[in-house]
Amino acid sequence: MSTKFEQIEKLKQELMDRYVILMLAILAFYIFIFTFYTYDNFLIWYLGSALFFLGYTYFLMRRRFKQSTIVHLHLLIAPLFNIYIVLAFWDYSVVSFCWYLPIPIGAYIFFSKKEVFLYTLYTVLIILACYFITANFNLEFPERSQKTVLFTDIIIIISNILVVTLLIYYKDKIRRLEILSEFEKTEEIIIAEDKKTADISAESTAENIESMEKLFSRIEISMNEKLLFKDMKFNLSALSVALEVNSSYISKAIRYKGYPNFNSYLNTCRVNYVKKLFTEIDFQKATLMYVYTEAGFSNQSTFNRAFKQIEGITPSEYFQKHLKNTI
7 MSTKFEQIEK LKQELMDRYV ILMLAILAFY IFIFTFYTYD NFLIWYLGSA
57 LFFLGYTYFL MRRRFKQSTI VHLHLLIAPL FNIYIVLAFW DYSVVSFCWY
107 LPIPIGAYIF FSKKEVFLYT LYTVLIILAC YFITANFNLE FPERSQKTVL
157 FTDIIIIISN ILVVTLLIYY KDKIRRLEIL SEFEKTEEII IAEDKKTADI
207 SAESTAENIE SMEKLFSRIE ISMNEKLLFK DMKFNLSALS VALEVNSSYI
257 SKAIRYKGYP NFNSYLNTCR VNYVKKLFTE IDFQKATLMY VYTEAGFSNQ
307 STFNRAFKQI EGITPSEYFQ KHLKNTI
């Protein structure tokens, strides 16, 4: 079964094929218009050469070049080809600019955001170049009747609606596959992490178990006798320095004893110390803030969350229960 990446590449190839077929049909229709409806010999040859160039070169390049290369060439050449069309109808209508709309959309489907920006800028520069040419050069083109211009404008709008609809349709299909691919990658990462955890268990031979037990005993002594956890900024690196043991070995020993990670173990030490303080402190003289800061928690929300995760009840519920049992 093909991968999601292969399916995406297949969809992009399908989009390219259908886009070329659609553009060939549009060019052929325009040649028909300028042959039988409003005769223009130059446009017939101009559009005919475009039809031949697009169809023949795509047929030659389709299997020999990468998709990105073909799309880059088209996005660079197509706007240049359209300059004459824009200039020829400049005095009558600006609807020809619609042909530039699919350029950034096509770039968005195939390339990165940076390249989309560059192609958008490229398109804007061509439009400005058209304006500069018409403003500074007296170009002569065949005159067009209002009826002809209206008809060609309608065809241009319909053609671009078809092109943009095709691009959006395939972009939506490609995006769905990309999202599925992202989900699969996430699942692969989770599976890899689970496998890593399983590997840790598998590697726990008698010798490893003994070394981890010894290391965890050293961790317990440092944490509970030296009360290192009371430092709010205490972390795995600090414990590694204190024990002169690589942090990865410390993490492995902590996970071996059933703690998900170092922070979970650290919070457990702090919560146990808080429970001890509950039995020793006179709360008529001390506050709850004193208790959790004394245990190493930086603020009450962090303390409440950690306590609830470890004990299953809130600090206040635990305190009330403790007083009730004491009484």
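Reminder that position 287 of the sequence shown reads as 293 in our numbering, one-by-one numbering, no gaps. The beta-carbon is built from N, C-alpha and C at its ideal position, and this holds for glycine as well.
About 7 Å separates the beta carbons of Tyr90 and Tyr52, which is inside the 8 Å limit, making them a contact pair. CA-to-CA, the gap between Lys179 and Asn305 works out to about 48 Å.
Each residue's CA atom was taken as its position, placing Lys191 and Lys263 some 30 Å apart. The beta carbon of Thr126 sits closer than 8 Å to the beta carbons of Ile109, Pro110, Ala113 from its chain, once the five residues preceding and following it are set aside; these are given in chain order. Note on geometry: alpha-carbon atoms of Lys327 and Leu233 lie some 26 Å from one another. Burial check for Val280: the Cβ neighbour count within 10 Å reaches 16 or more, so the residue is buried. Of all C-beta pairs linking the segment 292-306 to the segment 248-257, fewer than three are shorter than 8 Å, placing the two stretches out of contact.
Phe117 is the residue among Phe117, Ile163, Ala56 whose C-alpha sits nearest the C-alpha of His78. The alpha-carbon of Met229 is positioned some 24 Å away from that of Ile319. A distance of 7 Å or more separates the beta carbons of Tyr98 and Thr129. In the three-state scheme derived from DSSP, where H, G and I count as helix and E and B as strand, Gly318 is classed as coil. If you draw a straight line from the Cα of Ile287 to the Cα of Ser187, it comes to about 56 Å. Looking at the backbone, the Cα of Leu131 and that of Met238 are separated by about 58 Å.
A residue is called buried once 16 or more other Cβ atoms fall within 10 Å of its Cβ, and Leu21 is buried on that count. Taking one beta carbon from each stretch, the segment 133-141 and the segment 9-20 have fewer than 3 pairs nearer than 8 Å; the two do not touch. Pairing Leu82 with Leu57 gives a Cβ-Cβ distance that is not under 7 Å. In this structure, the CA atom of Leu242 is about 29 Å from the CA atom of Tyr324. Taking C-beta atoms as the reference points, Lys258 and Gly302 fail to come closer than 7 Å.
Taking the Cβ atoms as the reference, Arg150 lies roughly 7 Å from Phe95, within the contact range of under 8 Å.
Residue range 108-116 is occupied by the alpha helix (DSSP H) that includes Phe116. Rounded to the nearest whole angstrom, the C-alpha separation of Phe103 and Ile133 is 8 Å.
Listed in chain order, the non-local C-beta contacts of Phe284 below 8 Å within the same chain comprise Val297, Tyr324, Phe325, His328, local neighbours out to five positions each way being set aside. Straight through space, the alpha carbons of Gly54 and Ile39 are spaced by roughly 12 Å.
Between Ile162 and Val92, the beta carbon gap of about 11 Å keeps them out of contact (Cβ cut-off 8 Å). Relative to Phe222, the option among Leu168, Phe309, Ser253 whose CA is nearest is Ser253. Note that the C-beta distance between Ile37 and Ile50 is below 7 Å. Contact between Tyr176 and Leu66 is absent: CB atoms are separated by about 23 Å, not below the 8 Å threshold.
A direct Cα-Cα distance of roughly 11 Å separates Ser74 from Arg68. DSSP, read as helix, strand or coil, puts Leu145 in coil. Excluding residues up to 5 positions away in sequence, Ala56 lie with their Cβ nearer than 8 Å to the Cβ of Phe87 in the same chain. When the five nearest sequence neighbours on each side are left out, the beta carbons in the same chain lying within less than 7 Å of the beta carbon of Met29 are those of Leu60, in order along the chain.
The distance from the Cβ of Ile316 to that of Val277 is about 5 Å, consistent with a contact at the 8 Å cut-off. Cβ-Cβ distances below 7 Å link Leu168 to Leu28 in the same chain, with the five nearest sequence neighbours on each side left out; the list follows chain order. Apart from sequence neighbours up to five positions away, the residues of its chain that approach Ile256 with a beta-carbon distance below 8 Å are Leu221, Ile225, Leu242, Leu245, Ser246, Leu249, Phe268, ordered along the chain. The closest CA to that of Tyr45, considering only Ser322, Leu172, Thr154, Phe309, is found on Thr154.
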